[in-house]
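J.: My questions will all concern the structure given below.
This is the structure:
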């Protein structure tokens, strides 16, 4: 199951997020998709004779887990081995409702409760419409993002834990399970409605009157004890809240609302503004999550794992540099007043940071304009066609592989052009790594040949930055492509990026080292064949 520290040969564990009666949750890094995920690890239940549960039962649990709704935590993958099930879920950047209640030490306000009830009810309605019950709704499974949005986690977990021939109720959590679930009766959506009512009671009052350590105690509290109404514990609650919540918590389901939608419809008029509640929850989660982040052990993360979480910033910075360079080189050639150059360059840079594809388009159009002035309209048309094709198929993605060929000469100035295929292969998928590496090779060789037409065309002089348009000085920019060896070298760069990407997908140091060795071999062979 695990090799070299990877879960399912793909996910690198980063931190333990929590443990409970149903298993553990691990924060992990997806080495194939370059993203963080949360992995719930569940011991597979055994039947009464000690054998693994049936595939049909696992399929039902899998179906429940794979619901697709904005208010339900996305499950990317579901896998099993001999004794464990793995739910590969999106990593929700936020906090569970349970932690928020514990750390604030106070009930939520009516706006915040309105937000939670509205979003949870919408997600449950969707699940029920698709024939799926949650069966374990509780504060631990209600996640609040930094934007104040609510997501329900662990659909299908209760169904899985109840597959071993036990009562379905054993898949839930005491304090949030209605009577029929505790005694193992057939369940319907009123089971989730009772759990939502218990959750609402806790948000209103800060306590759960049905919490217990044993099933018998939980049954006693639901069936024989009279829980106080919320307004008995918290003053100044709207008068209508008590009736709705206590109806939702009726011991026998025939006395409750028929659906979650009916419960939420009767409750929300007595609550506050859901949008104001989301804004408030978002601010609260951001403040509490920043404190929690300080305690996350980042020492175990590799460099790329740390950078991957800031990949959007790296892409924006690279796009800004590439677009700014295109604009700068074009504007200096157009001989505009310095003030105009600065203003135009700043506009392009700002556009590139805000929207990388737009910034690249503006920078490349500036290059076309400069080419029209330098070489006339006909050549400019050809350059425009090439630039338009590049932007449409590559540049409009705004990804790192889109702007790397533009910045490739800068690597050559620093005498580290060989690093480009390895960096691209490490960061991107095989196809894009190979394409961008090949394009980078073509740009580096053309630029190097223009300044110093001596093979292997890897060195670009420093004055390239001050004289970017002095490309016809030696006439080598075009002559280099008359040699078939140049095309072999471009293919070698592409192969190097491809090999690095394929071999480093495992996400281990050994795999990365193998990728670098294979990429280096491809480059060396390419230049040897040319030489």
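In our numbering, the protein residues as written are 21 to 551. C-beta: ideal position from N, C-alpha, C; glycine also. Since this is a predicted model, take the numbers as computed values, not measurements.
So residue 547 and residue 476 are in contact, right, with Cβ under 8 Å, and what is the actual spacing, rounded?
T.: The Cβ separation is near 6 Å, so the contact holds.
J.: Drop a sphere of 10 angstroms on the beta-carbon of residue 242, count the other beta-carbons inside from all chains shown, and report buried for 16 or more, exposed for fewer.
T.: Result: buried.
J.: State yes or no: is the C-beta of residue 380 within less than 8 Å of the C-beta of residue 422?
T.: Yes; because the gap between Cβ atoms is below 8 Å, this pair is in contact.
J.: Thinking just about the alpha-carbon of each residue, which of 52, 353 and 45 is nearest to the one in residue 60?
T.: The shortest Cα separation from residue 60 among 52, 353 and 45 belongs to 45.
J.: Would you check if there are 3 or more beta carbon pairs closer than 8 Å linking the segment 94-109 to the segment 136-148?
T.: They do not touch, by the three-pair rule.
J.: Buried or exposed: residue 362, going by 16 or more other Cβ atoms within 10 Å of its Cβ?
T.: Exposed, because fewer than 16 other Cβ atoms sit within 10 Å of the Cβ of residue 362.
J.: In the DSSP assignment, find the alpha helix (DSSP H) that holds residue 58 and state where it starts and stops.
T.: Element bounds for residue 58: not the alpha helix (DSSP H) but the beta strand (DSSP E), 55-63.
J.: Please report the Cβ distance between residue 519 and residue 542, rounded to the nearest whole angstrom; I am assuming they are in contact, meaning their Cβ atoms lie under 8 Å.
T.: Rounded, the Cβ-Cβ distance is 6 Å, consistent with contact.
J.: Please work out which residues of its chain come closer than 6 Å, Cβ to Cβ, to residue 231, disregarding the five sequence neighbours upstream and downstream, and give them in chain order.
T.: Here the set comprises 195.
J.: Alpha carbon to alpha carbon, how far is residue 224 from residue 54? Give it in angstroms, no decimals.
T.: Their Cα atoms are separated by approximately 40 Å.
J.: Between which two residues does the beta strand (DSSP E) holding residue 107 run?
T.: Residues 104-110.
J.: Within 10 angstroms of the Cβ of residue 26, are there 16 or more other Cβ atoms? Answer buried if so, exposed if not.
T.: By the neighbour-count rule (16 or more Cβ atoms within 10 Å), residue 26 is buried.
J.: Less than 6 Å between C-beta atoms, sequence neighbours within five positions excluded: which residues of the same chain meet that for residue 210?
T.: So the list reads 273 and 276, once near-sequence residues are dropped.
J.: Please report how far the alpha carbon of residue 536 lies from the alpha carbon of residue 441, in whole angstroms.
T.: The straight-line gap from Cα to Cα measures roughly 9 Å.
J.: Using only the alpha-carbon positions, how far apart do residue 36 and residue 229 sit?
T.: In a straight line, the C-alpha of residue 36 is about 30 Å away from that of residue 229.
J.: Rounded to whole angstroms, how far is the Cβ of residue 31 from the Cβ of residue 58, which I believe are closer than 8 Å?
T.: Residue 31 to residue 58, Cβ: 10 Å. No contact.
J.: Using only the alpha-carbon positions, how far apart do residue 420 and residue 112 sit?
T.: Their Cα atoms are separated by approximately 25 Å.
J.: Taking 8 Å as the limit between beta carbons, can you name the residues of its chain near residue 444, skipping five residues before and five after?
T.: Here the set comprises 420, 421, 424, 452, 453, 456, 457, 460, 517, 520 and 521.
J.: Are the Cβ atoms of residue 157 and residue 62 separated by less than 8 Å?
T.: No, these two residues do not count as a Cβ contact at 8 Å.
J.: Give me whichever residues DSSP pairs with residue 171 in a beta bridge.
T.: Beta-bridge pairing links residue 171 to 163.
J.: Less than 8 Å separating the beta-carbons of residue 264 and residue 287?
T.: Contact: yes.
J.: Relative to the C-alpha of residue 347, which candidate in 208, 137, 387 and 472 has its C-alpha closest?
T.: Per the Cα distances, 387.
J.: Should residue 549 go down as buried or exposed, given a rule of 16 or more other Cβ atoms within 10 Å for buried?
T.: Exposed, by the Cβ-count rule.
J.: Quick one: grab the DSSP three-state call for residue 299.
T.: Of the three classes helix, strand and coil, the one that applies to residue 299 here is helix, per DSSP.
J.: Should residue 126 and residue 297 be called a contact, given that it needs their Cβ atoms to be closer than 8 Å?
T.: Not closer than 8 Å, so no.
J.: Provide the residue span of the alpha helix (DSSP H) that contains residue 450, from first to last.
T.: Here the alpha helix (DSSP H) through residue 450 covers 450-471.
J.: Thinking residue 213 and residue 124 are a contact (beta carbons under 8 Å), I'd like their distance in whole angstroms, please.
T.: Contact doesn't hold; Cβ gap of about 26 Å is too wide.
J.: How many whole angstroms separate the CB atoms of residue 168 and residue 299, which I take to be in contact at a CB cut-off of 8 Å?
T.: Right, their Cβ atoms sit about 6 Å apart.
J.: Could you tell me which whole alpha helix (DSSP H) segments of length 4 or greater appear in the segment 225-294?
T.: Whole alpha helix (DSSP H) segments, 4+ residues: 235-243, 250-253, 261-268 and 280-287.
J.: Since residue 98 is in the beta strand (DSSP E), which residue starts that stretch and which ends it?
T.: Segment 95-100, the beta strand (DSSP E) holding residue 98.
J.: Secondary structure at residue 209, three-state DSSP: helix, strand or coil?
T.: Residue state, collapsed to three classes: coil.
J.: Tell me whether residue 77 sits in a helix, a strand or coil according to DSSP, three-state version.
T.: Because residue 77 sits at a pLDDT of 48, beneath the cut-off of 50, its placement in the model cannot be relied upon, and the following sentence gives the value as read from the coordinates. In the structure shown, residue 77 sits in a helix (DSSP, three-state: H, G or I).
J.: So, for residue 480: in the same chain, excluding its five sequence neighbours on each side, which residues have a beta-carbon less than 6 Å away from its beta-carbon?
T.: Within the same chain, residue 480 has close Cβ partners 429, 432, 433, 467 and 468.
J.: Is residue 244 buried or exposed, if buried means 16 or more other CB atoms sit within 10 Å of its CB?
T.: Exposed, since its Cβ has fewer than 16 Cβ neighbours within 10 Å.
J.: Between the alpha carbons of residue 507 and residue 514, how many angstroms are there, rounded?
T.: Their backbone Cα atoms lie some 11 Å apart in a straight line.
J.: How would you label residue 21, buried or exposed, when you count the other beta carbons within 10 angstroms and need 16 or more for buried?
T.: Legend: pLDDT at residue 21 = 40, less than 50; position of this residue unreliable, no value from coordinates given.
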